[in-house]
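Undergrad: Note that full-length UniProt numbering has the sequence shown beginning at 1, numbered continuously upward.
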Amino acid sequence: MEDKEIIIDILTVANAISMAGKELLNGVLEKYNISFKEYYMLRHLEKSPGETQYNLLKYTMLTKSRANQIVGKLEKMGYLEKKIEMVGSLVKKPLYLTESGEKIVIEGVKEIYADTIKNMTGEEKFEYEIYRNKMVEILMDMRLTLGTKTPEYLKEK
């Protein structure tokens, strides 16, 4: 199998996982009136608190305009907040989840994980973790190839 075919297969699997995640999260998304992309941004901030909006663009691969819209909406809804920090003479506005934002992320993670492992044996759960870690490694390599910054929490895996 050629590298190109492997990458296409990985992207196909990643897309299928993303679509399945959306389906599993529908209840959570509807309950809090947010989209999957908005949830994804909250999830990223849960893993990397204090990210700037600029860095979120690199991680989420959203346009600047779309990221501004999402951050604005989530801020108005009370799910994230900007804190002003002075770094030398520069003003930075890192983003942090509020308690409400953390609650949404935790609820979503529990929903996905519970559904993922509900019918697995102990051995299958172990194999799932190995496979999951390998997929994270592959996706990190792909991000490097594409020149996209890898989130710190993925580097720890």
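We put the CB at the ideal spot given by N, CA and C, even for glycine. The structure presented is a predicted model; accordingly, all values stated were derived computationally and were not measured.
Is lysine 47 helix, strand or coil when you go by DSSP?
TA: Note: lysine 47 maps to helix in three-state DSSP.
Undergrad: Counting only beta-carbon separations shorter than 7 angstroms, does glycine 108 have a partner in chain D?
TA: Among the protein chains of the structure shown there is no chain D, as only one such chain exists.
Undergrad: Return the first residue and the last residue of the alpha helix (DSSP H) that tyrosine 54 is part of.
TA: Looking at the DSSP string, the run of the alpha helix (DSSP H) that includes tyrosine 54 is 53-60.
Undergrad: Answer yes or no: do leucine 97 and glutamate 46 have a C-beta to C-beta separation smaller than 7 angstroms?
TA: Yes, the Cβ-Cβ distance between leucine 97 and glutamate 46 is below 7 angstroms.
Undergrad: Nearest-angstrom Cα distance between glycine 88 and glutamate 124?
TA: Rounded to whole angstroms, glycine 88 to glutamate 124 spans 51 angstroms at the Cα level.
Undergrad: Can you find the residues in the same chain that come closer than 7 angstroms, C-beta to C-beta, to glycine 78, ignoring five residues on each side of it along the sequence?
TA: Thr98, Ser100, listed in sequence order.
Undergrad: Using a 10 Å radius around the Cβ and a threshold of 16 neighbouring Cβ atoms, would you call glycine 108 buried or exposed?
TA: The residue is buried, with at least 16 neighbouring Cβ atoms inside 10 Å.
Undergrad: What residues in its chain sit with their C-beta under 6 angstroms from that of glutamate 129, if we drop five residues either side in the sequence?
TA: For glutamate 129, where only same-chain residues beyond five positions count, there are no Cβ hits under 6 angstroms.
Undergrad: Taking the Cβ atom as the reference point for each residue, do valine 105 and leucine 42 lie within a distance shorter than 7 angstroms?
TA: A contact, by the Cβ cut-off of 7 angstroms.
Undergrad: Lysine 64 lies in the alpha helix (DSSP H); which residues open and close that run?
TA: Note, lysine 64: alpha helix (DSSP H), 64-76.
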